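Participant: Final position of the sequence shown in the UniProt record's numbering is 126; the numbers increase by one with none missing. Ideal placement from N, C-alpha and C gives every residue a C-beta, glycine not left out. All values derive from a computational prediction rather than experimental measurement.
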Amino acid sequence: MFFDEFAVSERPSLFYGWAERNTRPQVKSNERARNKLNGLLCVDAHSGEEYFALSPQAKTEDISEYFAGLCLDSVELGYTQLCLILDNNPTHKGKMRSQLAIHLEQMGLTQSIQVEFLYCRPTLPS
């Protein structure tokens with residue numbers, strides 16, 4: 001399965017204003033008050049099925065809980081192995097994997113499913 005996360009906000013993150021020539025405009029930013037929602041999406045490469053969730057945050061803890069839910073659903077469908085292909089974001093590595101292991105242990109799934117992580121190579125600027 002391929003995984004990626006994204007964010008949607010109700011307003012753009014860039015603020016525009018005008019000013020006289022050779023002066024800098026003072027534009028107040030309301031970045032902290034904007035409403036933002038994060039989407040977590042896995043797509044099965046064979047069937048095209050999606051596993052989608054919305055979350056107010058997309059921190060390591062949130063992503064590991066999302067993967068734990070995906071593992072539970074996969075076990076219920078009869079799968080014993082799950083291969084997740086992720087981008088090379090550092091938050092997808094050690095801490096997230098160890099938190100997922102804790103979630104799987106708490107859910108009693110440690111022996112039921114084997115999760116393999118594959119990371120896309122980092123892209124280099126051209």
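Going by DSSP, which residues form a beta bridge with G39?
Facilitator: The partner list for G39 (beta bridge, DSSP) reads F6 and L54.
Participant: Identify the residues that DSSP records as bridge partners of L104: which are they?
Facilitator: Answer is none; L104 lacks a bridge partner.
Participant: Would you kindly report the start and end of the unbroken alpha helix (DSSP H) that includes E65?
Facilitator: E65 -> alpha helix (DSSP H) spans T60 to E76.
Participant: Tell me which same chain residues have a C-beta within less than 6 Å of the C-beta of L118, skipping the five on either side of it?
Facilitator: Excluding sequence neighbours, L118 sits near I85.
Participant: Count the other CB atoms, across all protein chains shown, that sit within 10 Å of the CB of T60; report buried if there are 16 or more and exposed otherwise.
Facilitator: Label assigned to T60: buried.
Participant: Could you give the DSSP three-state label for Q81: helix, strand or coil?
Facilitator: Of the three classes helix, strand and coil, the one that applies to Q81 here is strand, per DSSP.
Participant: Buried or exposed: F3, going by 16 or more other Cβ atoms within 10 Å of its Cβ?
Facilitator: Answer is buried; the Cβ neighbour count reaches 16.
Participant: Out of D62, M1 and G78, point me to the one whose CA is closest to residue 148's CA.
Facilitator: Here the chain has residues from 1 to 126 only, and residue 148 is not among them.
Participant: Taking 8 Å as the limit between beta carbons, can you name the residues of its chain near A7, skipping five residues before and five after?
Facilitator: Answer for A7: K36, L37, N38, G39 and A58, listed in chain order.
Participant: Measuring only the C-alpha atoms, how far is R97 from S64?
Facilitator: Cα-Cα distance, rounded: 7 Å.
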